[in-house]
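There are 2 protein chains.
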Amino acid sequence: MRNKPTYSIESVDHALRLAVLLQQEGPMGVTDAAERLGVARSTAHRLLSMLVYRDFAVQGADRRYASGPALGPLGRVEPVARLRTIARPRLRALVDRVGESANLMVLRGAQVQMVATVECEHVLRVGDREGRLLPAHLASGGRALLAGLSRDEIASRYSDEAADGVSRAEVERIVRQTRRRGVAINQGATETGLTAIGHPVGGPGRTPAAALSVAMPTARYDRHRLPELTAALADTAAAIDRDLSGVAGRLPTELE
Amino acid sequence: MRNKPTYSIESVDHALRLAVLLQQEGPMGVTDAAERLGVARSTAHRLLSMLVYRDFAVQGADRRYASGPALGPLGRVEPVARLRTIARPRLRALVDRVGESANLMVLRGAQVQMVATVECEHVLRVGDREGRLLPAHLASGGRALLAGLSRDEIASRYSDEAADGVSRAEVERIVRQTRRRGVAINQGATETGLTAIGHPVGGPGRTPAAALSVAMPTARYDRHRLPELTAALADTAAAIDRDLSGVAGRLPTELE
DNA sequence: TCGGCTTGTTCCGCACAGAGGAATTCTAAA
DNA sequence: TTTAGAATTCCTCTGTGCGGAACAAGCCGA
Numbered sequence: 001m002r003n004k005p006t007y008s009i010e011s012v013d014h015a016l017r018l019a020v021l022l023q024q025e026g027p028m029g030v031t032d033a034a035e036r037l038g039v040a041r042s043t044a045h046r047l048l049s050m051l052v053y054r055d056f057a058v059q060g061a062d063r064r065y066a067s068g069p070a071l072g073p074l075g076r077v078e079p080v081a082r083l084r085t086i087a088r089p090r091l092r093a094l095v096d097r098v099g100e101s102a103n104l105m106v107l108r109g110a111q112v113q114m115v116a117t118v119e120c121e122h123v124l125r126v127g128d129r130e131g132r133l134l135p136a137h138l139a140s141g142g143r144a145l146l147a148g149l150s151r152d153e154i155a156s157r158y159s160d161e162a163a164d165g166v167s168r169a170e171v172e173r174i175v176r177q178t179r180r181r182g183v184a185i186n187q188g189a190t191e192t193g194l195t196a197i198g199h200p201v202g203g204p205g206r207t208p209a210a211a212l213s214v215a216m217p218t219a220r221y222d223r224h225r226l227p228e229l230t231a232a233l234a235d236t237a238a239a240i241d242r243d244l245s246g247v248a249g250r251l252p253t254e255l256e
Numbered sequence: 001m002r003n004k005p006t007y008s009i010e011s012v013d014h015a016l017r018l019a020v021l022l023q024q025e026g027p028m029g030v031t032d033a034a035e036r037l038g039v040a041r042s043t044a045h046r047l048l049s050m051l052v053y054r055d056f057a058v059q060g061a062d063r064r065y066a067s068g069p070a071l072g073p074l075g076r077v078e079p080v081a082r083l084r085t086i087a088r089p090r091l092r093a094l095v096d097r098v099g100e101s102a103n104l105m106v107l108r109g110a111q112v113q114m115v116a117t118v119e120c121e122h123v124l125r126v127g128d129r130e131g132r133l134l135p136a137h138l139a140s141g142g143r144a145l146l147a148g149l150s151r152d153e154i155a156s157r158y159s160d161e162a163a164d165g166v167s168r169a170e171v172e173r174i175v176r177q178t179r180r181r182g183v184a185i186n187q188g189a190t191e192t193g194l195t196a197i198g199h200p201v202g203g204p205g206r207t208p209a210a211a212l213s214v215a216m217p218t219a220r221y222d223r224h225r226l227p228e229l230t231a232a233l234a235d236t237a238a239a240i241d242r243d244l245s246g247v248a249g250r251l252p253t254e255l256e
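Protein sequence lines correspond, in order, to chains A and B.
Residue numbers for the first sequence follow the numbering used here, beginning at 1 and rising by one.
Residue numbers for the second sequence follow the numbering used here, beginning at 1 and rising by one.
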């Protein structure tokens, strides 16, 4: 969730908040919804009717309204927010350790979405990209995640024809390269002068669902730093994985 | 999607329509969104900003907006609509064959959602319940679907404590009973005087994702009709499964 | 590199659409 | 059957949502 827009639309905000409430808290009645939103019952009813109209809600036999098929499955939005909360102190520690900005990202289709970013203290640094989407095959974390996918899984994300500027064959070449190197690296692919190293989050035997990266100006990257960076990434990934397992969390791969 | 509400809210409608567009058609820019909605660019931008604010959209590095984590996965809403379209003629044929109302439903958590209904021509009949949610363990189609789930899968939908009027132990008892009988039947469980027979849709080796039922007044149900009804349901389920496989569709179990 | 064009973003005035109070309808329990 | 609570419908009015215009950012070709 971002900052409130400069010119927000209250009616739309109420509707979207209500959709999220249904998703996260389960079925509720009109009166419940009105109280939760701080609006009149008639307003709540109108909002619910709009949500039903556009498949964001359905009404049960008991007259309560539940989340509809347009929304993500019940309870599964939270993992992204929880992932951000759990990962942020670990990202902070990673930045302190290596002195470069760090990112956490999840795979969404053929792209990665930046979930969290912690910036380093250098004046010249990679800035906050939280919330943004990048092509997965270009980003270091995206490459780390793609390298963990089967050929079928890659096929389900990339068509035969070049789309979004890349063919499946090219993605497969990048995956093979990443696997061969044992490291996911992006040198200038997403932005000239930027180098990033990626590492998946998710222990052995588990599908990696998120990835870490450290990103820096190419001027500060030297291949002799690679062992240090990869070790720091691996340690941080393991720590995040432990944190997530400790709360019996489900990882956002299940968003897909 | 239902009929347009009596007192609809245009601003909310625009926002929800835009969310569905992002979901179904992939990333787009402000100008595209404005054209698709028939609004000014500044209005489209405000709507997109609200969607981003509430996690229904994210903005990519190329400035386009894509669907956000609060929405169901890309392209997966449509299967419900397509399932309805594909199944409706088959439901019609089923109703013609057995002379009773027929439903198609999908499992959503611990409930089933009615996807499509075709009513029979008797004056006393089970009416249209399309769009409604019912407790899965009570509905015949829900029972048919639950009987196809593993113990773990049932555990993920029902907690230990009695919630929504049922405990997991009770659900497991119903599942065992359904499996023993080889038929999923609801006599008066969802409504007094109503009897329904359910049957899963999904061929051998595939997880049943939807279910059919025929539903009638108990006054018209006789256990000697059971072979006829189950045969008609099995034939119809197989036909729908073929129709779905023919278009290489994915079934709505993947909504979950 | 620069300029022109396109697209995204911000601002503000105004009129009509969204909110809410009240009336009506529905539902479940006693 | 009655009653109370909740859902739904209706309608008035004011403040909010829309869109035009200005501004900012990005892209591409010369």
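Each residue gets a CB set at the ideal place from its N, CA and C atoms; glycine is no exception.
Boundaries (first-last residue) of the alpha helix (DSSP H) holding Y53(B): 41-53
Proximity test, Cβ basis, 9 Å: H14(A) and chain B: yes
8 Å contact criterion, which A34(A) and A40(A) should meet: CB distance rounded: 6 Å
Where L134(A) sits in the DSSP three-state scheme: strand
Residues bridged to S213(A) [DSSP beta-bridge criterion]: N103(A), G198(A)
7 Å Cβ shell around V126(A) - same chain, five flanking residues per side excluded: Cβ within range, chain order: S101, L194, A215, M216.
Span of the beta strand (DSSP E) around A66(A): 65-67
Proximity of A210(A) and V115(A) at Cβ, strictly below 9 Å: yes
Residues that DSSP places opposite Q113(A) in a beta bridge: DSSP output for Q113(A) lists V106(A), L133(A) as bridge partner(s).
Buried or exposed (CB count within 10 angstroms, at least 16 for buried), A169(A): exposed
L149(A) versus V175(A) - alpha carbon distance: 9 Å
Enclosing beta strand (DSSP E) for I174(B) [first to last residue]: Here I174(B) belongs to no beta strand (DSSP E); instead the alpha helix (DSSP H) covers 168-181.
Neighbour flag for D243(A) against chain B, beta carbons, 9 Å: no
Chain-ordered residues of the segment 96-120 of chain A with a beta carbon less than 8 Å from chain B: R108, G109, Q111, Q113
Length of the line joining the Cα atoms of L51(B) and A15(B): 7 Å
C-beta neighbour in chain A for P289(B), strict 9 Å: Because chain B spans 1 through 256 in this model, residue 289(B) falls outside it and cannot be assessed.
Assigned exposure category for H224(B) - 16 Cβ within 10 Å defines buried: exposed
Closer than 8 Å at the beta carbon, the chain B residues around R168(A): Near R168(A) there are no residues of chain B at all, since even the closest Cβ is about 17 Å away, more than 8 Å.
V58(A) in three-state terms, based on DSSP: strand
Through-space distance from V171(B) to S49(B), alpha-carbon basis: 44 Å
A110(B) versus H137(B) - alpha carbon distance: 8 Å
Top-ranked residue by Cα proximity to V183(B), from Y221(B), E153(B), G141(B): G141(B)
L94(B) vs A232(B) beta-carbon contact at 9 Å: At the C-beta level, L94(B) and A232(B) come within 9 Å of one another.
Whether P89(A) touches Y65(A) by CB criterion (9 Å): With contacts defined as CB atoms closer than 9 Å, P89(A) and Y65(A) fail to qualify as a contacting pair.
Alpha-carbon to alpha-carbon, G60(A) and V98(B): 28 Å
9 Å Cβ cutoff, N186(A) in contact with chain B: no
is_contact[G127(A), chain B] using C-beta, thresh 9 Å: no
From E228(A), S8(A), L134(A), residue whose alpha carbon lies closest to that of S42(B): S8(A)
Alpha carbon of G29(A) to alpha carbon of A196(A), nearest angstrom: 49 Å
Limits of the beta strand (DSSP E) - the one that A70(B) falls within: Where A70(B) is concerned, there is no enclosing beta strand (DSSP E), because DSSP gives it neither an H nor an E.
Residue range of the alpha helix (DSSP H) that includes A34(A): 30-37
Which of helix, strand or coil DSSP assigns to I9(A): coil
Within 9 Å of chain A by C-beta, residues of the segment 50-68 of chain B in sequence order: Result list: M50, L51, V52, Y53, R54, D55, F56, V58, Q59, G60, A61, D62, R64, A66, S67, G68.
Per-residue burial, P227(A) [other beta carbons within 10 Å of its own, 16 or more giving buried]: exposed
Proximal residues to P69(B) (C-beta, below 6 Å), its chain only, five neighbours per side dropped: D55
Distance, R108(A) Cα to D222(A) Cα: 31 Å
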